[in-house]
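With full-length UniProt numbering, you'll find the sequence shown wraps up at 618, consecutive numbering, no jumps.
Note that CB positions come from ideal geometry on N, CA and C, so glycine has one too.
Written below as structure tokens is the structure these notes are about.
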Amino acid sequence: MQTSALLQHGGGEAAAAAQIEYLIQGMEEGVTMDARARSASQLAAICSNDDNGNVNCPATNAAINGRFLLRAQGGLIDCMRLVEGLNLDPSGEGHTLAYSMMALLYFVTLDHENADTVTTPALRVVIQILHQAEEGYWTATETPSPPQTLENDRPRALTKKKKKAPSVAVAVVADLQALLRREPAFAGITTVSLSDLTLSILYNTLLDSSKHQYGTAPSTKSDRLVGRKKLLRDTLCLDRVARDATSPLRLRLLEQASYLDDASQSHLVHHTPVLVTLFQDVLRRDLRLDAERDTIVMALRVVINLTHRSDAATACIASLHGTNALLALFFVAEASRAKWAFDALLVTLSALVNCVEHDAANRADVAAATAPDGFPALQCMVQFLVRHQGGDTEAVLLGGSAALLLGCLVRSHPCATEAVLTALPERSVAPLLTALQLFVQLHRQIGALSHEVLASCGQVEADIKALVGDCTPSQLASPLDDAVAPIFAALVTPSPPPALSRAPRVPVGPSTPPADAFEFSWPGVAKTTPRPRSKRPRSATPSPLTALTPDVEFDASFEPWRQRRPSTRRPRQSKLTPSPVQPLLQVEKSRSKCALERKSTTKPRRPQCLLDVFDFNE
């Protein structure tokens, strides 16, 4: 029997599913915009799974995930259909309905399974709402005031009643604002605008939930993500977002859109002023301020993506002398002992490595830079490397990044080479090589070692060894041959052709399988095939009196009885066996004669039985 707790859980789940179905019906066309907005806000509250919110939503079991129930009940398809058919009205009611639907879509796309099912027409509607919100399409953010009426008692009373009752649109937006401010994505935002909602929805739909093979970098190709990023470029959504890339929500969307996508990176570099905005505004802010720190770190991530093997991006940064801004952020983070310092140092060093790896102008700017205390920047960087020799994971990552930066700076630059060798202890390049080896080994252990990382580290190692005239083979790949080489070999080896699959025993389809599909088989046990039954009608069982008289005609209806030989039959009393070549009439006469002889024999106190008179087993 089910326990009361299980029954209570099942009842709560059924009630929540019924409530979800009811709210979806309330969002259908045919009702007022206020009613549709109210239903959408209540469904958004259920999908948020926030029990402490002050949103007027039905009580549901805390263990039930509203987003999962929505997907399980098939309501996700209805939500996409309602978003696709959204009629955008430039009024207060239209703004409320759009805000409620976007809030619902934001909470729904927090799950990767739901985000994968967002259709392209729905994304086009989201992008259209973003464009309209940026252009000031909405004429009002709340319900307009009641119309003017005549100065008499009844119209005045109606107007007073309408003014007393709070607007449904205002209440719905206020409830959703209180619910959205509890989300980590909108932390610190006083008023979550419609643009913020659409930016967050687009960011959720660009997240990749696919798993990659251990020891290799994530896949750079995904049909779903490539198509959605192309949609952002074709609808000029990236251009609008990059036009004012100064908030964390916009920057994280740009960071996700440009991640491992050459087309989006090239579009942002050549057709948008995003790099100019970042290096002249965002990256010059104070990193020590809590309100600006997340924005700066997100901007550095965008710079890392855009400068990934991009000569145009590094040339643009060189024209802006952007490496000076990056070095200033590095020295601020290096002087801090707070928890946020590690993330800031790591992304700053990665951005510097991308800028100086393939651009000589950026290398010259870094080599000529000075620290805030007046010392050369190269000397401070070498001291930073020496302090992060080995130790924990953070020290290995920071030391390896600093070694990569110094190795790129000494490439074809004699002045920088002499400055680095002078700052190193005993002019030995051993700290640089050790940091590189630990850096590669850590990437192998965490499964992030890719061809690009290994190639960059190998090139830097060769440049460092060339400083002291060392021509020995690379020491980076030798300790990794056993672990890395099989993985890379498996990646370049084509997959074997698929095996030929045999035809299924039972055809796939809605029809019922044949009876032989359910036969029981066991090794060593003979399989018996039953004979088909005769289609002729079964004749009546003869009586003992009629059996005493021999028949002169052959009755074919008894043929199946002679063929059946059950395992529990009585032993034969007659040695007379019909021959297959004997005429059928003679067989019948012989059988009748045997029956008469058995009948005439006196049997002691045994009642006469039909089986004794006429043996059906014969």
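Taking residue i as the reference, which of the options has the closest Cα?
| i | options | result |
| --- | --- | --- |
| Cys408 | Leu438, Thr422, Ile20 and Ala361 | Ala361 |
| Gly374 | Ala328, Val353, Ala341 and Ala185 | Ala328 |
| Lys465 | Thr314, Val410, Val332 and Ile129 | Val410 |
| Val172 | Asn87, Ser264, His95 and Val468 | His95 |
| Ala291 | Leu454, Thr246 and Val353 | Thr246 |
| Ala312 | Ala351, His358, Leu406 and Thr295 | His358 |
| Asp343 | Ala318, Ala371, Thr393 and Arg309 | Thr393 |
| Pro273 | Ile317, Val168 and Gly399 | Ile317 |
| Ser456 | His308, Gln280, Leu278 and Met27 | His308 |
| Val269 | Leu249, Phe68, Arg243 and Arg293 | Arg243 |
| Leu225 | Ala448, Gly469, Asp208 and Gly400 | Asp208 |
| Ala368 | Met33, Glu418 and Leu199 | Glu418 |
| His267 | Leu278, Arg250 and Asp239 | Asp239 |
| Asp111 | Gln265, Met381, Leu206 and Val468 | Leu206 |
| Asp365 | Ala37, His451, Asp78 and Thr314 | Thr314 |
| Asp262 | Lys230, Pro372, His451 and Tyr99 | Lys230 |
| Ala325 | Ser310, Ser336 and Ala371 | Ala371 |
| Ser167 | Met298, Met33, Val429 and His451 | Met33 |
| Pro414 | Gly391, Glu452, Gly390 and Arg363 | Arg363 |
| Gly188 | Val353, Leu104, Leu249 and Glu452 | Leu249 |
| Gly458 | Leu404, Leu199 and Arg182 | Leu404 |
| Asp223 | Gly391, Leu179, Asp116 and Gly400 | Asp116 |
| Ala98 | Ala37, Leu76 and Glu135 | Ala37 |
| Asn305 | Val353, Lys339 and Leu180 | Val353 |
| Ala338 | Arg293, Arg181, Ser428 and Pro184 | Arg293 |
| Val440 | Leu70, Glu183, Gly390 and Glu426 | Gly390 |
| Phe186 | Thr235, Ala341, Ile446 and Phe107 | Phe107 |
| Val396 | Thr190, Ala299 and Ile446 | Ile446 |
Could you compute how far the alpha carbon of residue i sits from the alpha carbon of residue j?
| i | j | result |
| --- | --- | --- |
| Tyr137 | Pro90 | 6 Å |
| Ala120 | Arg228 | Strictly speaking, residue 120 in this sequence is Thr, with Ala absent from that position. C-alpha separation (whole angstroms): 8 Å. |
| Glu461 | Leu454 | 10 Å |
| Cys47 | Cys237 | 27 Å |
| Ala333 | Asp196 | 29 Å |
| Arg252 | Arg301 | 8 Å |
| Leu398 | Glu28 | 55 Å |
| Met102 | Thr434 | 52 Å |
| Phe68 | Ala14 | 13 Å |
| Val192 | His131 | 16 Å |
| Leu82 | Gly74 | 13 Å |
| Ala351 | Asn65 | 40 Å |
| Thr198 | Ala335 | 38 Å |
| Leu438 | Leu346 | 16 Å |
| His271 | Phe279 | 17 Å |
| Cys79 | Ile24 | 8 Å |
| Val241 | Asn114 | 24 Å |
| Val297 | Glu183 | 20 Å |
| Cys380 | Arg387 | 11 Å |
| Ser100 | Ser450 | 43 Å |
| Arg444 | Ala341 | 25 Å |
| Glu84 | Glu452 | 42 Å |
Under the assumption that residue i contacts residue j (Cβ atoms under 8 Å), give the Cβ distance between them as a whole number of angstroms.
| i | j | result |
| --- | --- | --- |
| Leu421 | Ala402 | No, Leu421 and Ala402 are not in contact; Cβ-Cβ is about 16 Å, not under 8 Å. |
| Ala416 | Leu378 | 6 Å |
| Leu320 | Val276 | 7 Å |
| Val282 | Thr295 | 6 Å |
| Val125 | Leu86 | 6 Å |
| Leu349 | Phe330 | 7 Å |
| Thr109 | Asn204 | 4 Å |
| Leu88 | Ile129 | 7 Å |
| Leu432 | Leu406 | 6 Å |
| residue 653 | Glu93 | Residue 653 lies beyond the residue range present for the chain, which begins at 1 and ends at 618; the question has no answer from this structure. |
| Gly26 | Ala35 | 6 Å |
| residue 631 | Leu424 | Because the chain is modelled from 1 through 618, residue 631 falls outside the range shown and cannot be assessed. |
| Ser200 | Arg233 | Going by Cβ atoms, the distance from Ser200 to Arg233 rounds to 20 Å, so no, they are not a contact pair. |
| Ala122 | Leu194 | Contact flag wrong, Cβ pair sits at about 16 Å. |
Going by DSSP, what residues sit across from residue i in a beta bridge?
| i | result |
| --- | --- |
| Thr370 | Pro376 |
| Val410 | Note: Val410 sits in no beta bridge, so no partner. |
| Val31 | Glu29 |
Consider the C-beta atom of residue i and the heavy atoms of the ligand COA; say whether any pair is separated by less than 7 Å.
| i | result |
| --- | --- |
| Val410 | The model depicted lacks the ligand COA and carries no ligand whatsoever. |
Got a sec: is the Cβ-Cβ distance from residue i to anything in chain B below 8 Å?
| i | result |
| --- | --- |
| Glu334 | Reference to chain B is not applicable here, since this structure consists of a single protein chain. |
Task: Inter-stretch contact at 8 Å, needing at least 3 Cβ pairs: the region 39 to 49 / the region 11 to 31 - done: Yes, since at least three Cβ pairs between the region 39 to 49 and the region 11 to 31 fall closer than 8 Å, the two stretches touch.
Task: Inter-stretch contact (C-beta, 8 Å, three-pair minimum) for the region 256 to 264 and the region 286 to 294 - done: no
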